[in-house]
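Participant: Sharing a structure below in structure tokens format, with a few things to ask.
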Amino acid sequence: MSRRPPPLVLSGPRPKTPPIKEEINLTPLASETANGPKTPPVSSPPQEVSPKGTELPTETVNELDDRFDKNWGPEDYDMLFKKLGDIERLVKVNQPQKKEPIAYVPIPTIHVKGSNWDTVLAPDEDFVIPLLKFPRHEDSPQSDKVFEFLFSEHYTIVDSVVVDNFGSFDIKPDELEWKHPWNEINVSPLFIGLLDLVEDAANTDDPKGWDSLLYDSTKRSMMIVGMIARIFQDKVFSPLLFGCTENQATMLDSLEKDMAENCSDGFARTKTRSRAIREVLDGDTLTSHFFDEVEALTVNIYGLFKPVTAYLEKYALKHPDLKLTLPTHAEQFKSLFDMVSGVAWLSISLRLHPDPIILRLPAPGDRFDKEFDCVNYEEYCQHKAMILKLKDDKLKEEIERELNEQGPTNAGDSPEIEILKGREPLVKTAIWPSIKIYSPVIGKGPDGQSGIAENTIQKCDVAAHWAVPPNYRATSVSLREWAKLT
Numbered sequence: 102m103s104r105r106p107p108p109l110v111l112s113g114p115r116p117k118t119p120p121i122k123e124e125i126n127l128t129p130l131a132s133e134t135a136n137g138p139k140t141p142p143v144s145s146p147p148q149e150v151s152p153k154g155t156e157l158p159t160e161t162v163n164e165l166d167d168r169f170d171k172n173w174g175p176e177d178y179d180m181l182f183k184k185l186g187d188i189e190r191l192v193k194v195n196q197p198q199k200k201e202p203i204a205y206v207p208i209p210t211i212h213v214k215g216s217n218w219d220t221v222l223a224p225d226e227d228f229v230i231p232l233l234k235f236p237r238h239e240d241s242p243q244s245d246k247v248f249e250f251l252f253s254e255h256y257t258i259v260d261s262v263v264v265d266n267f268g269s270f271d272i273k274p275d276e277l278e279w280k281h282p283w284n285e286i287n288v289s290p291l292f293i294g295l296l297d298l299v300e301d302a303a304n305t306d307d308p309k310g311w312d313s314l315l316y317d318s319t320k321r322s323m324m325i326v327g328m329i330a331r332i333f334q335d336k337v338f339s340p341l342l343f344g345c346t347e348n349q350a351t352m353l354d355s356l357e358k359d360m361a362e363n364c365s366d367g368f369a370r371t372k373t374r375s376r377a378i379r380e381v382l383d384g385d386t387l388t389s390h391f392f393d394e395v396e397a398l399t400v401n402i403y404g405l406f407k408p409v410t411a412y413l414e415k416y417a418l419k420h421p422d423l424k425l426t427l428p429t430h431a432e433q434f435k436s437l438f439d440m441v442s443g444v445a446w447l448s449i450s451l452r453l454h455p456d457p458i459i460l461r462l463p464a465p466g467d468r469f470d471k472e473f474d475c476v477n478y479e480e481y482c483q484h485k486a487m488i489l490k491l492k493d494d495k496l497k498e499e500i501e502r503e504l505n506e507q508g509p510t511n512a513g514d515s516p517e518i519e520i521l522k523g524r525e526p527l528v529k530t531a532i533w534p535s536i537k538i539y540s541p542v543i544g545k546g547p548d549g550q551s552g553i554a555e556n557t558i559q560k561c562d563v564a565a566h567w568a569v570p571p572n573y574r575a576t577s578v579s580l581r582e583w584a585k586l587t
């Protein structure tokens with residue numbers, strides 16, 4: 102019993118009924134004696150009277166010894182409360198259970214724990230991650246404005262996660278330490294392979310070369326965002342449906358092969374694929390293995406950048422005077438898990454759209470064009486101005502040498518100097534892909550022309566530099582070679 106009721110208050114003692122002497126006439130009636138024994142009629146109890154002689158209402162009293170015509174004591178109250186409690190418990194058992202308010206429903210979580218055989222998570226790493234709840238997919242196609250907002254929002258989330266965990270401070274090495282940072286952090290071959298796909302640091306005219314990507318927090322953040330974007334492009338947006346079952350994947354693959362053989366119209370294939378995926382989801386927001394796939398991908402991303410985390414933690418411990426702080430491993434894993442979850446949900450929304458949505462991430466060394474947004478414009482201008490000045494100084498030096506010492510020489514007789522080679526604005530770091538939506542245009546009337554409408558909802562974000570094109574460079578030192586040389 103959750104709450105004890107207040108004690109009963111009696112207004113006063115009940116009047117006691119005075120004892121009545123009952124006189125029973127045992128003399129048989131005349132009719133009984135004449136005709137034999139008769140069953141006696143049911144007798145009524147005698148009427149009670151008050152001391153003044155007035156009648157009192159008849160009261161039925163149980164045959165039990167418990168009577169309540171007395172002053173109540175503690176034992177009486179205890180007995181009453183016990184009976185009330187028994188009744189209350191009986192009522193609760195028989196009542197239908199009421200649903201708790203949504204705020205009290207336990208949040209679904211996923212448990213990720215390391216082990217001795219795990220190559221990524223340490224045995225003491227034990228993460229409990231609350232699962233995000235995503236809005237359901239609309240029955241009708243989303244507008245281009247919605248996708249523009251969604252991609253921009255998730256790009257902001259990715260950038261924020263990377264800056265908070267990997268780009269919060271610069272590294273300023275002392276004279277006797279950190280001479281070989283890439284050897285120090287010991288990244289995996291996968292890390293190096295991904296970095297080659299997003300970064301052109303082989304010809305930056307920077308004496309620090311690849312090391313500046315670790316020392317400078319801005320360059321470090323751009324590098325990691327680009328690597329994560331490449332992972333998302335290959336592992337999240339490329340599959341036909343992220344997190345689907347094996348049978349569902351087989352069915353969708355068969356549909357793709359059938360459409361490739363019998364349907365040449367890309368727009369028709371996209372619409373058919375969209376309807377098939379909507380049927381696979383069957384009204385659900387997420388796929389059957391959604392969070393399993395998110396967990397696996399998050400663990401891989403967490404392990405991929407773990408050497409960078411250790412590198413930053415070591416620097417922060419060596420310089421306590423700088424008061425540098427980093428998120429805990431649990432906080433980092435949760436932020437990465439939420440980031441992957443959001444992008445994976447976005448990929449499902451993309452697959453449900455009836456028009457093609459194409460993501461393109463440029464390669465390092467591509468020529469800069471109007472499809473790109475330069476995120477390091479000030480740095481690019483300073484670098485270009487420096488190169489132009491060096492080129493001008495070198496030209497003057499060559500002219501003076503030819504005139505004063507050796508006289509004019511043919512261009513083919515002297516080796517070409519790197520600083521004098523032609524340069525172009527090139528992609529240094531591919532950070533975030535462009536997103537375009539294509540839709541068919543049907544002409545009206547006999548002279549109407551049909552075509553394809555292209556809507557760029559987001560441009561590529563890149564870091565640019567004024568550099569010699571890769572095919573014309575005298576030397577190009579890869580990260581593997583740089584790590585061995587330094």
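Residue numbering for the sequence shown follows the numbering used here, starting at 102 and increasing by one per position.
A virtual CB, placed ideally from N, CA and C, is assigned to each residue, including glycine.
Bear in mind the structure is a predicted one, so any value in this text is a computation, not a measurement.
1) According to DSSP, what are the bridge partners of Gly552?
2) Could you give the DSSP three-state label for Ala531: helix, strand or coil?
3) Could you tell me the boundaries of the beta strand (DSSP E) in which Phe473 lies?
4) With DSSP as the reference, label Trp583 as helix, strand or coil.
5) Confirm, please, whether the CB-CB distance from Val395 to Val221 is below 7 Å.
6) Whose C-alpha, out of Arg331, Pro274 and Asp307, is nearest the C-alpha of Asp297?
7) Please report how far the alpha carbon of His390 lies from the alpha carbon of His566, in whole angstroms.
8) How about Gly327 and Val299: are their beta carbons less than 7 Å apart?
9) Apart from the five residues on each side of it in sequence, which residues of its chain come closer than 7 Å, Cβ to Cβ, to Ile543?
10) Tell me whether Thr159 sits in a helix, a strand or coil according to DSSP, three-state version.
11) Measure from the alpha carbon of Ala377 to the alpha carbon of each residue in Pro290, Thr257 and Asp354, then state which is nearest.
12) Identify every residue that forms a DSSP beta bridge with Arg468.
13) Starting from Leu282 and walking both ways along the alpha helix (DSSP H), at which residues does that stretch end?
14) Would Leu233 and Leu447 be called neighbours here (beta carbons separated by less than 7 Å)?
15) From Asp439 to Ala431, what distance separates their C-alpha atoms?
16) If you run the structure through DSSP and keep just helix, strand and coil, what is Lys537?
17) Cα-Cα, which of Trp283, Met180 and Gly174 is closest to Leu580?
18) Determine, using beta-carbon pairs with one atom in the region 555-564 and one in the region 493-508, whether at least three such pairs fall under 8 Å.
19) I'd like the ranges of any alpha helix (DSSP H) spanning at least 4 consecutive residues and lying wholly in the region 400-483.
20) Give the single residue among Leu460, Gln483, Thr576 and Phe473 whose Cα lies nearest to the Cα of Ser339.
21) Report the three-state DSSP secondary structure of Lys522 (helix, strand or coil).
22) Smallest Cα separation from His212: which of Trp218, Glu226 and Cys345?
23) Is DSSP giving Glu394 helix, strand or coil here?
24) According to DSSP, simplified to helix, strand and coil, what is Lys214?
25) Measure the alpha-carbon distance for Glu357 versus Val337 and round it to whole angstroms.
26) At a cut of 8 Å, does the region 238-249 reach the region 400-411 through at least three beta carbon pairs?
27) Could you give the distance in angstroms between the alpha-carbon of Cys345 and the alpha-carbon of Ile449?
28) Quick one: what's got a C-beta closer than 7 Å to Ala303's C-beta in the same chain, skipping five residues either side?
29) Thinking Leu527 and Gly466 are a contact (beta carbons under 8 Å), I'd like their distance in whole angstroms, please.
30) Thinking Phe267 and Ile458 are a contact (beta carbons under 8 Å), I'd like their distance in whole angstroms, please.
31) Applying the 10 Å Cβ sphere with the 16-neighbour rule, what's the burial state of Leu342?
32) Can you name the residues that DSSP bridges to Ala568?
33) Are the Cβ atoms of Ser535 and Lys560 separated by less than 7 Å?
34) Would you mind reading off the limits of the beta strand (DSSP E) that contains Ile230?
Facilitator: On the basis of the coordinates in this document:
1) The residue given as residue 552 occupies position 451 in the sequence shown. By DSSP's assignment, Gly552 forms a beta bridge with Val542.
2) Locating residue 531 in the sequence shown gives position 430, counting from the first residue. Of the three classes helix, strand and coil, the one that applies to Ala531 here is strand, per DSSP.
3) The count along the sequence shown starts at 1 and reaches residue 473 at position 372. Phe473 to Cys475 is the extent of the beta strand (DSSP E) around Phe473.
4) On the sequence shown, position 482 is the one that residue 583 refers to. Three-state result, Trp583: helix.
5) As a first step, residue 221 is located in the sequence shown; it is residue number 120 there, counting from the start. As a first step, residue 395 is located in the sequence shown; it is residue number 294 there, counting from the start. When the beta-carbon positions are compared, Val221 and Val395 stay at least 7 Å from each other.
6) As a first step, residue 297 is located in the sequence shown; it is residue number 196 there, counting from the start. In terms of CA proximity to Asp297, Arg331 leads the group Arg331, Pro274 and Asp307.
7) As a first step, residue 390 must be located in the sequence shown, where it is residue number 289. As a first step, residue 566 must be located in the sequence shown, where it is residue number 465. Taken atom to atom, the span from the alpha-carbon of His390 to that of His566 is near 42 Å.
8) Mapped onto the sequence shown, residue 327 falls at position 226. Mapped onto the sequence shown, residue 299 falls at position 198. Cβ distance < 7 Å, so Gly327 and Val299 count as in contact.
9) For the purposes of this step, residue 543 is taken as the residue at position 442 of the sequence shown. Only Ser551 meet the Cβ criterion.
10) Counting from one through the sequence shown, the residue named residue 159 turns up at place 58. Low local confidence applies: a pLDDT of 49 at Thr159 is under 50, so the model's placement there is unreliable, and no value is given.
11) The count along the sequence shown starts at 1 and reaches residue 377 at position 276. Nearest option by C-alpha distance: Asp354.
12) Within the sequence shown, residue 468 is the residue found at index 367, counting from 1. For Arg468, DSSP records a beta bridge to Leu527.
13) Counted from its first residue, the sequence shown places residue 282 at position 181. Note that residue 282 is Pro in the sequence shown, not Leu. DSSP places Pro282 in the uninterrupted alpha helix (DSSP H) bounded by Pro282 to Ile286.
14) Here residue 233 corresponds to residue number 132 of the sequence shown, with the count starting at 1. Here residue 447 corresponds to residue number 346 of the sequence shown, with the count starting at 1. A distance of 7 Å or more separates the beta carbons of Leu233 and Leu447.
15) Along the sequence shown, read from residue 1 onward, the residue named residue 439 stands at position 338. Along the sequence shown, read from residue 1 onward, the residue named residue 431 stands at position 330. Their backbone Cα atoms lie some 12 Å apart in a straight line.
16) On the sequence shown, position 436 is the one that residue 537 refers to. Strand, per DSSP.
17) The sequence position of residue 580 within the sequence shown is 479, counting from 1. It is Trp283.
18) No, the region 555-564 is not in contact with the region 493-508.
19) Runs of the alpha helix (DSSP H) lying entirely within the region 400-483 and spanning at least 4 residues, in chain order: 407-419 and 430-453.
20) Walking along the sequence shown from the start, residue 339 turns up at place 238. Across the set Leu460, Gln483, Thr576 and Phe473, the C-alpha of Leu460 shows the shortest separation from the C-alpha of Ser339.
21) If you number the sequence shown from 1, residue 522 lands on position 421. Correct three-state label for Lys522: coil.
22) Along the sequence shown, one-based indexing puts residue 212 at 111. Sorting Trp218, Glu226 and Cys345 by C-alpha distance to the C-alpha of His212 places Glu226 at the top.
23) Indexing the sequence shown from 1 puts residue 394 at position 293. Of the three classes helix, strand and coil, the one that applies to Glu394 here is helix, per DSSP.
24) By 1-based counting over the sequence shown, the position of residue 214 is 113. If DSSP states are grouped into helix, strand and coil, Lys214 belongs with the strands.
25) By 1-based counting over the sequence shown, the position of residue 357 is 256. By 1-based counting over the sequence shown, the position of residue 337 is 236. Each residue's Cα considered, the two are about 18 Å apart.
26) Short answer: they don't touch.
27) Along the sequence shown, read from residue 1 onward, the residue named residue 345 stands at position 244. Along the sequence shown, read from residue 1 onward, the residue named residue 449 stands at position 348. When rounded, the distance between both Cα atoms is 10 Å.
28) Taking the sequence shown and counting its residues from 1, the one referred to as residue 303 is at position 202. Excluding positions up to five away in sequence, the list reads Ser577, Val578 and Ser579.
29) Within the sequence shown, residue 527 is the residue found at index 426, counting from 1. Within the sequence shown, residue 466 is the residue found at index 365, counting from 1. Beta-carbon to beta-carbon, Leu527 and Gly466 are separated by about 6 Å, close enough to satisfy the 8 Å threshold.
30) As a first step, residue 267 must be located in the sequence shown, where it is residue number 166. As a first step, residue 458 must be located in the sequence shown, where it is residue number 357. Incorrect: roughly 29 Å between the Cβ atoms, too far for contact.
31) Along the sequence shown, one-based indexing puts residue 342 at 241. Around the beta carbon of Leu342, 16 or more other beta carbons lie within 10 angstroms, which makes this residue buried.
32) Sequence index remark: in the sequence shown, residue 568 carries index 467 (1-based). BP columns for Ala568 point to Glu525.
33) Reading the sequence shown from its first residue, position 434 is the one you call residue 535. Reading the sequence shown from its first residue, position 459 is the one you call residue 560. One thing to note: Ser535 has its Cβ within 7 Å of the Cβ of Lys560.
34) Sequence index remark: in the sequence shown, residue 230 carries index 129 (1-based). According to the DSSP assignment, Ile230 belongs to the beta strand (DSSP E) that extends over Asp227 to Pro231.
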